[in-house]
Amino acid sequence: AREAMDGTEYVLCDDGPKGVVGAPVDKHKDMCTAVMRFQKGDSYATASRDGTIRVWAHDDSKGGIMTHRKTAKTGGAYIVDAAQLPASQRMLIACADRKVKVYDPKGWVIVGTYGGLPDAPVCAAAWEGGTRIVNNQDCDYFAVGDDKGAVTVGRVIDMTDGEAAAAGGGDRVRFETMWRMKVHDGWVNSVHHVRELNSVASGGGDGLACITDLERKGYPLADPTRRYDGHNGKSVNAVSWTARYKKLVSCGEDKLINLWNPLSAKPQQIFVGHEEPIVKCLVLDDVHQIVTLDVGKRMHVWDLRSAQCVQVIHDKESYHPTNMLGALGYDAKRNRLITGAPAPKCYALVKRLAETHAGHRRRCVDSLWNRRFHQVVSCDEAGGVRVWDVFTGKISFRFEGAEGTRRPDDDERLTDTYRPMVADRAVDEGDDEDMAPHRRNRLTCACFDHAQRRLMTGSSDGNVRLWNFANGVMLKEMTTPTMDDVTGLVHAVNESGDGKRVVSSGWNGLVTVWEDLGGISSKQEPRRQMSGHESDVLCVAEHHPGTIASGDFDGVVIVWNVDNGGKRHKLIPPPPSEADANAKESSHSLPVPRAAECVHFIEGGGPPRTSMNALSEFKLTPVVLCVAHADGRVRMWNAIPSSGALLCDFHAGHGDGESVLCVAVDKRATRMVTADSTGRCRLWDVSGLVRGIHSGAAPDTPEDEPAFGRSDVELLGYWQAHSSGTCVNVVSWLEVEGIGVFFTTAGDDCAVHLWSKDGAHVGEFGPHRWTLEDTRTWASTETPHSYDGDFPMTTPREDGSLTLTLNPTEDDADDTGDADAPRDESKKEVDAGKEEASAVVVEEGTSG
Numbered sequence: 130a131r132e133a134m135d136g137t138e139y140v141l142c143d144d145g146p147k148g149v150v151g152a153p154v155d156k157h158k159d160m161c162t163a164v165m166r167f168q169k170g171d172s173y174a175t176a177s178r179d180g181t182i183r184v185w186a187h188d189d190s191k192g193g194i195m196t197h198r199k200t201a202k203t204g205g206a207y208i209v210d211a212a213q214l215p216a217s218q219r220m221l222i223a224c225a226d227r228k229v230k231v232y233d234p235k236g237w238v239i240v241g242t243y244g245g246l247p248d249a250p251v252c253a254a255a256w257e258g259g260t261r262i263v264n265n266q267d268c269d270y271f272a273v274g275d276d277k278g279a280v281t282v283g284r285v286i287d288m289t290d291g292e293a294a295a296a297g298g299g300d301r302v303r304f305e306t307m308w309r310m311k312v313h314d315g316w317v318n319s320v321h322h323v324r325e326l327n328s329v330a331s332g333g334g335d336g337l338a339c340i341t342d343l344e345r346k347g348y349p350l351a352d353p354t355r356r357y358d359g360h361n362g363k364s365v366n367a368v369s370w371t372a373r374y375k376k377l378v379s380c381g382e383d384k385l386i387n388l389w390n391p392l393s394a395k396p397q398q399i400f401v402g403h404e405e406p407i408v409k410c411l412v413l414d415d416v417h418q419i420v421t422l423d424v425g426k427r428m429h430v431w432d433l434r435s436a437q438c439v440q441v442i443h444d445k446e447s448y449h450p451t452n453m454l455g456a457l458g459y460d461a462k463r464n465r466l467i468t469g470a471p472a473p474k475c476y477a478l479v480k481r482l483a484e485t486h487a488g489h490r491r492r493c494v495d496s497l498w499n500r501r502f503h504q505v506v507s508c509d510e511a512g513g514v515r516v517w518d519v520f521t522g523k524i525s526f527r528f529e530g531a532e533g534t535r536r537p538d539d540d541e542r543l544t545d546t547y548r549p550m551v552a553d554r555a556v557d558e559g560d561d562e563d564m565a566p567h568r569r570n571r572l573t574c575a576c577f578d579h580a581q582r583r584l585m586t587g588s589s590d591g592n593v594r595l596w597n598f599a600n601g602v603m604l605k606e607m608t609t610p611t612m613d614d615v616t617g618l619v620h621a622v623n624e625s626g627d628g629k630r631v632v633s634s635g636w637n638g639l640v641t642v643w644e645d646l647g648g649i650s651s652k653q654e655p656r657r658q659m660s661g662h663e664s665d666v667l668c669v670a671e672h673h674p675g676t677i678a679s680g681d682f683d684g685v686v687i688v689w690n691v692d693n694g695g696k697r698h699k700l701i702p703p704p705p706s707e708a709d710a711n712a713k714e715s716s717h718s719l720p721v722p723r724a725a726e727c728v729h730f731i732e733g734g735g736p737p738r739t740s741m742n743a744l745s746e747f748k749l750t751p752v753v754l755c756v757a758h759a760d761g762r763v764r765m766w767n768a769i770p771s772s773g774a775l776l777c778d779f780h781a782g783h784g785d786g787e788s789v790l791c792v793a794v795d796k797r798a799t800r801m802v803t804a805d806s807t808g809r810c811r812l813w814d815v816s817g818l819v820r821g822i823h824s825g826a827a828p829d830t831p832e833d834e835p836a837f838g839r840s841d842v843e844l845l846g847y848w849q850a851h852s853s854g855t856c857v858n859v860v861s862w863l864e865v866e867g868i869g870v871f872f873t874t875a876g877d878d879c880a881v882h883l884w885s886k887d888g889a890h891v892g893e894f895g896p897h898r899w900t901l902e903d904t905r906t907w908a909s910t911e912t913p914h915s916y917d918g919d920f921p922m923t924t925p926r927e928d929g930s931l932t933l934t935l936n937p938t939e940d941d942a943d944d945t946g947d948a949d950a951p952r953d954e955s956k957k958e959v960d961a962g963k964e965e966a967s968a969v970v971v972e973e974g975t976s977g
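For the record, in the sequence shown the residue sitting at position 357 is 486 according to this note's numbering, with numbers rising by one throughout.
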């Protein structure tokens, strides 16, 4: 979930491996139902279903270690809830035997019992009446909700010595019933006092949140209860009130958190993020937060100022006999969140430094530009998503867990070829210790929808998940029958523009299409799976309207009609030239892979296009599909509307045997970047090439050869963009209005870099800071040289390490410095006659 990087966060205190120090006998034998802090003795008290109250000491001098101090038995009855009486500083418990009892922290002895409940209590709340207000005695109020839908309100009053002696039995308080009234048609799951309205709020099994006037003016002629229906008829499990913002908070089985203006009939705000029913709600007005707890032991922390989820805390410890958290409290003295299972556990509220959590810790698999919010979004394979401010390089917030969690039934979807691969994967740091390696997901790709509001991620389990970009919570999960890596992801729109689809490519050799129906749902099956590839599909790209292209491990690219699943073209790269084949044979090298690593539609350079059927085929200019291949070549095809002619084919000049992993062209079709498997990038001027393609002014070439080649593009720069030997996994272009055009690169070195359109290094997101419009704040304003010679060589040192030689022809070449830092690889122009021979392509023919 979303986690703001410039605020605070809750961190588990050093309470020992199981949250509390002590023997297992010290813990409750069942789940806690309430936890609270008492000033007397500076201790915590927990009430449990096992019928006991346990007191815990908190030692700040030992890192917050919590130890068991005392156990008070209450008669063995199931304690359903408890509350603190503020005026008298005592503990009120509601028991399943229809009794309400009060315990004094001094000795933890019972000082009073209320037996006036006709039905079993379910929840309880208490608030201060005042000190010395009833015959100079302290008074507290309490409210109890029961299983018949009634709310009982009463007073707890201190006895005088004479009254206590007359009552006998050790009672020190007496109870007065103020009123009892049926408020709900089902169980009353939660009650809470609203001081500002002099009312009691309640949530029930009938799906309603209610506010009942304590004075019940006009009753029974007038109904003193206001009802709020916003949970789709599902049970409301928790209610609370924020005095700072004057709003009622309700949540329950529908997994939604509703915030109500007491005078409105509909919720003012709805927080979405939980994947399981919510059972507890805690308002912390001092820090502008709401904390909600669900049955899956996940706590979501919501910022009331930004209306966003700022942290998700998942308690991964297993508890017995009920694997749940049943209590949620807050220690205002220490600013600590307290949870209760068999024992309490504390989370300290600490100041978070953005730099502490800034960068990625695993290899980056995608980098996206969100033009609506002017932010760069990067994803790593461990499920970490970072959102960066493009103007400064600072991190704005982050997501964790975007890779998704596999369910037990996912093992049945493992294919025979895939099972051994995933079983050998390393254990991710921080995962559940009891989770098998093949149960851990990897995030593999990502994209935005056309509205730029939802983030879509693909995972190694074959599923696609949709996330709310504003708060980082999952909206929907799109599933597949088999569990194979999702390698590419796009959001496609049909020709008419009224239908949207999510399209993915994968190791299963299929292109999968889901309908984008909007809304929130737990699971969605695919509409269709399109077959046609004979090997793993590695990439996919979308061209509006209604067209997608996918490339596979054999180098074949298929252009699809996304509306009906039909194939427009099957684009097969030409076989290697005879000269290349002889060279390979003489050098005894292995066959060069020809996988289509990246497909990219060139959007600019031609007239606007609204529909494939709007104009005849002969009046349409080509839609150019650019493909980066593992053999180091870049090929461009006329994807629409012709028969799929090969327009351009040239070697990109990267190192011998290095794959061109990604290619990207800016929106104006003037600049192109290619990146390889050693961390190097090449920047090209393709404006002349694109103009030539769209004008139809092709040079005279043999009929069986592409019309354009290496001579039609100009190399502008060649440099080490990422750590030496690491793959550059993605290149993305972006345009910042009023400032200029830039591009980002992300790679296996866990880094995301920003570059100008000319290749100047603006900086690395996270470690570096800049003002985008001020070039003086950039990491470097130098642009890389157009070094187009042989790939830089390495020479051995005496210690056995390798030294990178940037200019082998220069006797006294400069030292390259840190190989891991982005830098210019070219120190000297080379003679034009030294271009590599592999850049000359002689094709035997084209396939359409």
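Even glycine gets a Cβ: it sits at the ideal position worked out from N, Cα and C.
{"Check": "Can you name, in chain order, every residue of its own chain whose Cβ lies under 6 Å from the Cβ of Gly458, other than the five neighbours on each side?", "Outcome": "Val164, Met165, Ile467"}
{"Check": "Is it buried or exposed for Gln418, if we count other Cβ within 10 angstroms and need 16 for buried?", "Outcome": "buried"}
{"Check": "How would you label Asn327, buried or exposed, when you count the other beta carbons within 10 angstroms and need 16 or more for buried?", "Outcome": "exposed"}
{"Check": "Can His890 and Trp884 be called in contact, C-beta distance under 8 Å?", "Outcome": "yes"}
{"Check": "Less than 8 Å separating the beta-carbons of Gly591 and Thr616?", "Outcome": "no"}
{"Check": "Which same chain residues end up closer than 6 Å to Phe894 when comparing Cβ atoms and leaving out the 5 residues on each side of it in sequence?", "Outcome": "Trp517, Gly522, Val881"}
{"Check": "Do three or more CB pairs link the region 695–706 to the region 753–767 at distances below 8 Å?", "Outcome": "yes"}
{"Check": "Just reading off the alpha helix (DSSP H) that Leu411 is part of, what are its end residues?", "Outcome": "First-last for Leu411: 407–413, but that is the beta strand (DSSP E), not the alpha helix (DSSP H)."}
{"Check": "Can you give the Cα-Cα distance for Thr807 and Glu864, rounded to whole angstroms?", "Outcome": "27 Å"}
{"Check": "Count the other CB atoms within 10 Å of the CB of Lys480; is the residue buried (16 or more) or exposed (fewer)?", "Outcome": "exposed"}
{"Check": "Looking only at its chain, what residues have a beta carbon closer than 7 Å to the beta carbon of Lys169, apart from the 5 residues adjacent to it on each side?", "Outcome": "Gln218, Pro234, Lys235"}
{"Check": "Any contact of the region 852–869 with the region 793–813, i.e. 3+ C-beta pairs under 8 Å?", "Outcome": "yes"}
{"Check": "By how many angstroms is the C-alpha of Lys230 removed from the C-alpha of Asp275?", "Outcome": "15 Å"}
{"Check": "Can you check which of these residues, Asp841, Gly825, Lys796, is closest to Gly817 by C-alpha distance?", "Outcome": "Asp841"}
{"Check": "With DSSP run on the structure shown, which of helix, strand or coil describes Phe920?", "Outcome": "Since pLDDT at Phe920 reaches only 44, below the 50 mark, its modelled position is unreliable, and the value read off the structure follows with that caveat. Coil at Phe920, not helix or strand."}
{"Check": "What span of residues does the alpha helix (DSSP H) with Ile822 cover, start to end?", "Outcome": "816–824"}
{"Check": "By the DSSP assignment, the beta strand (DSSP E) with Arg583 in it spans what residues?", "Outcome": "583–588"}
{"Check": "Judging by CA-CA distance, which residue of Thr242, Gly315, Asp352, Asn366 is the nearest neighbour of Glu305?", "Outcome": "Thr242"}
{"Check": "Determine the burial state of Leu340: buried for a count of at least 16 other Cβ atoms within 10 Å of its Cβ, exposed for fewer.", "Outcome": "For clarity, residue 340 is Ile in the given sequence; the question names Leu instead. With 16 or more other Cβ atoms within 10 Å, it is buried."}
{"Check": "To the nearest whole angstrom, what separates the beta carbons of Pro471 and Met195, a pair I think is in contact under 8 Å?", "Outcome": "Not confirmed; about 13 Å, so no contact."}
{"Check": "Assuming Ala982 and Val273 make a contact with CB atoms under 8 Å, what is their CB distance in whole Å?", "Outcome": "There is no way to answer for residue 982, as the model of the chain reaches only from 130 to 977."}
{"Check": "Check Val154 in the structure and name its three-state DSSP category.", "Outcome": "helix"}
{"Check": "Going by Cα to Cα distance, which pick from Lys426, Gln437, Leu411 is closest to Gly402?", "Outcome": "Gln437"}
{"Check": "Nearest CA to the CA of Ser393: which residue from Pro674, Asp358, Gly876, Cys668?", "Outcome": "Asp358"}
{"Check": "For a quick check, are the C-beta atoms of His321 and Trp389 less than 8 Å apart?", "Outcome": "no"}
{"Check": "Closest to His157 by CA distance: which of Val441, Leu411, His197 is it?", "Outcome": "His197"}
{"Check": "Please classify Gly148: is it buried, with 16 or more other beta-carbons within 10 angstroms of its beta-carbon, or exposed?", "Outcome": "Only weak support is given to the placement of Gly148: the predicted model assigns it a pLDDT of 44, under 50, and the question is left unresolved by the model."}
{"Check": "What is the rounded straight-line gap between the Cα of Glu663 and the Cα of Asp778?", "Outcome": "23 Å"}
{"Check": "Whose C-beta lies closer than 6 Å to the C-beta of Asp877 among residues of the same chain, with five residues either side of it excluded?", "Outcome": "Arg492, Thr855, Cys856"}
{"Check": "Tell me which residues share the same chain as Gly244 and place their Cβ nearer than 6 Å to its Cβ, disregarding the 5 neighbours each side in the sequence.", "Outcome": "Lys228"}
{"Check": "Need the endpoints of the beta strand (DSSP E) that Ile701 sits in, please.", "Outcome": "Where Ile701 is concerned, there is no enclosing beta strand (DSSP E), given that its DSSP letter is neither H nor E."}
{"Check": "Taking the C-alpha atoms as reference points, what is the distance between Met307 and Leu343?", "Outcome": "9 Å"}
{"Check": "For a quick check, are the C-beta atoms of Leu845 and Gly888 less than 8 Å apart?", "Outcome": "yes"}
{"Check": "Would you call the CB atoms of Val619 and Ala670 closer than 8 Å?", "Outcome": "yes"}
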